[in-house]
Amino acid sequence: MKKHRYGLWTIVIIVIIAIIGGAAWFNGNKKASSSTKPTINIATAGTIFPNAYRQNHKLVGYDVDVAKAVAKAEGYKTKFTITDFDGIFGQVDSGRVDTVANDIGATPERKQKYIFTTPYNNETTNIAAKKGTSYQNLKDFEGKTVATSGAGNNFITTLKKYDPKIKIKVYETRDQATQALITGRVDGLLYSRATLSAIIKKQNLNWHIVKDSAGQALVAYPFKKDANGKKLRKVFNKGLAKITKNGTLNKISNKYFGYDITSQIK
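Mind the numbering: the sequence shown is residues 15 to 280 in this note's numbering, read in order.
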């Protein structure tokens, strides 16, 4: 009888050891698999809400979340590098990063040097004004001043071509430009419809986006024109197709802009 009990205990102990060992092996393989995933290196200025900015010391934003979702869909990890916008394309040129997540318009000038993914945003050039004012369309701002940020942004160039009679005051940051309209130092705020919608939604501002847009530039991820760039562009395009089809892109868009961005990408 005692031998029978000892036999049972021996079997139980062997089973426990096997379970523990199997769990350890599984976890070890899981960690190894995670650590061996290929990495896509991405540069961003990390200063523009709602595309790429810091919240509670964490990098978040529409462009950031989309890049992470795309990489995950294709079995890649992401590593973000924060850098000044002035040198952001230099990071790609030097090979220190693979692409940029910073609301980058796929303009004809940029396409001469870089290859772009399929678009994941439509950067229209719009102006927001306080409700109750007389501003209803872009022409109403002739002789008036609108605020924006970043001396080299596409909105400035586009609006100047559309109507040079509208004055533009450029601030260092988006927050400063937004505050300029809140405090009445300017008559309007110049950005994309998506960005203006996000600012109005987040701060619960009594503003409206006036009719018309001065132009548009589809936003996409740029890659270097070499073999690695072409390979990663293909990876991103596959990932973007997946997250568009399964509704992830729409979910991220609603989170930051309050509407479905996929209906705006044409």
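All residues carry an ideal CB built from backbone N, CA and C; glycine is no exception.
- Under the three-state reduction of DSSP, serine 163 is assigned to strand.
- Contact between leucine 263 and valine 80 holds: their C-beta atoms lie close to 7 Å from each other, under 8 Å.
- One thing to note: alanine 161 has its Cβ within 7 Å of the Cβ of lysine 183.
- For glutamate 123, the secondary structure class from DSSP, reduced to helix, strand or coil, is helix.
- For asparagine 55, the uninterrupted beta strand (DSSP E) run begins and ends at 53 to 58, by DSSP.
- Going by beta carbons, asparagine 135 and alanine 59 fall outside the 7 Å limit.
- Within the segment 172 to 242, the complete alpha helix (DSSP H) segments of 4 residues or longer fall at 188 to 196, 207 to 217, listed in chain order.
- The beta-carbon separation of isoleucine 118 and alanine 234, rounded to 7 Å, stays under the 8 Å limit for a contact.
- Judged by beta-carbon spacing, threonine 139 lies beyond the 7 Å limit of alanine 212, meaning their Cβ atoms are not closer than that value.
- Counting the other CB atoms within 10 Å of its CB gives glutamate 156 a total below 16, which places it among the exposed residues.
- Just so you know, the alpha carbons of asparagine 70 and threonine 61 end up roughly 13 Å apart.
- Under DSSP, asparagine 70 forms no beta bridge with any residue.
- When the beta-carbon positions are compared, leucine 152 and aspartate 226 come within less than 7 Å of each other.
- In the same chain as glycine 272, and ignoring 5 residues on each side of it, the C-beta atoms closer than 8 Å to its own belong to Ser211, Ala212, Lys215, in chain order.
- Close CB contacts of tyrosine 185 within its chain, under the 8 Å cut and outside five residues either way in sequence, are with Ala161, Thr162, Ser163, Ala191, Ala194 (chain order).
- Fully contained in the segment 84 to 113 are the following beta strand (DSSP E) runs of length 3 or more, in chain order: 91 to 96.
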